[in-house]
Structures are given as C-alpha cells and as structure tokens.
Ligand code: KPL
C-alpha cells in the first residue's frame, strides 16, 4: 500500500511518521519546501510524549512530479479551505481506485474531495491526535487521542478495515464507524470549544481546562453549537462540554491548530469551525453570540495580518 499524506503540516507529518514504521510506503507531501527539504536532509524529528526525540527517515516532496508511484490512499490533512485545490493538484499521482481519507477539522471537507475526485473515492475520518509544527522538519506530539474512519453512508467496508489495520499497526489507536457524520460533528464541538479561544488568548490547550474563565467560555461556545447540531438532527448532548475539556486536558501541551496558524500569521480554519456554526445558526434562526464573537475576532485578526479585508 502506498499512502500519500496530502498536507504534511503538524498532524499529517505525525501520521506519516507513524506509518513510515510499517510495511506501508509513505510519502509526505507539503507545499512548505523548507519542511520537505529539512525532512529529506535530516529525517522528520518528533518530540514524543515521553520527552524523547525520535528521527524518522522519510520520503517527502513539494511537487506532484516527484511522486513516483500512484497512491492507494491519500490522507487529506490540508487546511479545510484548501481541500479542493489540493486534491485536484495531486490527481496525477492517483488512479480511479485511490481512496481519499479526510482527517481534517471542520465541516464540508468530504464534499470538497468528492467534487475534486469522485464521491465513491472519499472516506470520512476524525482524529484527536494533537501535534505542533515547531520548525521545518521538527514536530511535537501533543496528545494521543483516537482516530475513527468510515464510509460516508453505510457500514465500514473492506477498504475501511484495511486502513484501520494499517493505522493500528502504526501504533495509532483507530476504530471504524458507521456514524461518521455524527463523529465529525462531535469533533466540531471539540474544535469549537478549543481552537479559537486558544488562538485568541495565546495559550496551549490545557490552560482552557485549568482556568475557570477558560472552562466557562468553552462551555458557552459548545452549548450554542450543540443547539445547532441538534437542529441538524445530531443527537449530541451536554456531556460534550466535559468531553471537550477532556480533550483539552489530553492535548494539554499542544497548541491548537488555529493557535499555530495565528502564530505563523497564516489563514485559519475559522470559517469551517465557529464560522460554520454561525452560518448554520442563521439558517435555523438560533442565536449564537459567543460563536459569532469568536469568529469575528479571529476574522479581524487574520484579515489584519493577511493584509486584506473580508
Ligand atoms: O484538533 C485539534 C486542533 O488543534 O485542531 C485538537 C484536537 C484540539 C488538538 O489540538
């Protein structure tokens, strides 16, 4: 099996490092040339949860022309707003049997992949792994949460089981599910309750759970988002508030992906996270003032540093 990691940022690089220890051929693909060059030169350095640093010699590239064999599985870990363009850009490294598995944050990624490739090629996934890109060629593993994989509709198929097996062999706790959309919404709650707050306040994930004000803000954002989820038919309950805080604790040393984007003055995934909640809430006539405020604060900050107005 050849697995191509499309968007080898922090999370994609971590998944690639784990897979590189198995029989599977693994290629890291990232448009960040500093990152791929550093990996080719020194291997990918991973600061592990136990404090050790491991080196993973890996194949990495920044252009589709450098991929020498068609991918059987593409792990899509690019930012949500770049999904369609990124998948289109690597179709020459794929064939009609290639499976695309999204492990991205936010809502709408499966649809983007289905449009760029074919719907029957696209699988859904979620992960609670946490990772931080420290500098080109070096990441820190920030939390070892579970990964779930499945078809968009119906029970897990042979191709889902095959990928689960490979992930498990790689040491990534992984299960299959026939409720992937439900799990995507659960993951959305996690990102709603952690990402924008950490990005705006310059903290690591664990601080949200440590501080009363952090817990309270996260709680209100998640409770608002739960109303929206319920209006869409997803039976997510108030226990999600505590589960979100547990993810913050489990990934305590991690800087959320949105925090890392803001640190690097890069475009964030706000539109696919709190912004998606605001949009669905408008359609359903639900008031979500905290999510609206979080969204607009991130939009102001990001517009300012990207030097454009939205
Ligand atoms: O998904 C994440 C993210 O940062 O985007 C969590 C699970 C919150 C880990 O940081």
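In this note's numbering, the protein residues as written are 44 to 353. Just so it is clear, CB atoms sit at the ideal spot from N, CA and C, and this is done for glycine as well.
With a threshold of 7 angstroms (Cβ to nearest heavy atom), would residue 237 be considered close to the ligand KPL? Correct: residue 237 has its Cβ closer than 7 angstroms to the ligand KPL.
Have a look at 94, 174, 234 and 133 and flag the residue whose alpha-carbon is nearest the alpha-carbon of residue 150. When only C-alpha atoms are compared, the closest one is 234.
Where the alpha helix (DSSP H) through residue 279 begins and ends: No alpha helix (DSSP H) holds residue 279; DSSP gives it neither H nor E.
Using 8 angstroms as the threshold, is the region 209-216 in touch with the region 56-67, meaning 3 or more CB pairs across them? Short answer: they touch.
Return the chain-ordered list of same chain residues with a C-beta closer than 6 angstroms to the C-beta of residue 159, the five sequence neighbours on each side being excluded. These residues qualify, in order along the chain: 127, 130 and 131.
Cβ-Cβ separation, residue 239 to residue 313 (assumed contact under 8 angstroms), whole Å: Indeed, because the Cβ distance is near 6 angstroms, the residues count as touching under 8 angstroms.
Per DSSP, what kind of secondary structure is residue 86 in: helix, strand or coil? Assigned with DSSP and collapsed to three states, residue 86 falls in coil, not helix or strand.
For the region 49-59 against the region 181-201, do three or more pairs of beta-carbon atoms, one drawn from each stretch, fall closer than 8 angstroms, so that the two count as touching? Touching, per the Cβ criterion.
Sequence-distant residues of the same chain with beta carbon closer than 7 angstroms to residue 275, five excluded per side: Once the five neighbours on either side are set aside, the close Cβ partners of residue 275 are 323.
DSSP-derived helix/strand/coil call for residue 183: Strand at residue 183.
Compute every distance between the C-beta of residue 140 and the non-hydrogen atoms of the ligand KPL, then say whether any falls below 7 angstroms. No heavy atom of the ligand KPL is found nearer than 7 angstroms to the CB of residue 140.
For the ligand KPL, any of its heavy atoms closer than 7 angstroms to the Cβ of residue 186? Residue 186 Cβ: within cutoff of the ligand KPL.
Name the DSSP beta bridge partners of residue 68, please? Beta-bridge pairing by DSSP links residue 68 to 45.
Decide if residue 318 is buried, meaning its Cβ has at least 16 other Cβ atoms within 10 Å, or exposed. Buried.
Beta carbon of residue 171: closer than 7 angstroms to some heavy atom of the ligand KPL? Yes, the beta carbon of residue 171 sits closer than 7 angstroms to at least one heavy atom of the ligand KPL.
Among residues of its own chain, excluding the 5 on either side of residue 200, which ones have a beta-carbon nearer than 8 angstroms to its beta-carbon? Counting only residues of its own chain and dropping the five nearest sequence neighbours on each side, residue 200 has a CB closer than 8 angstroms to the CB of 194.
Report buried or exposed for residue 139, applying the criterion of at least 16 other Cβ atoms within 10 angstroms of its Cβ. Burial call: exposed.
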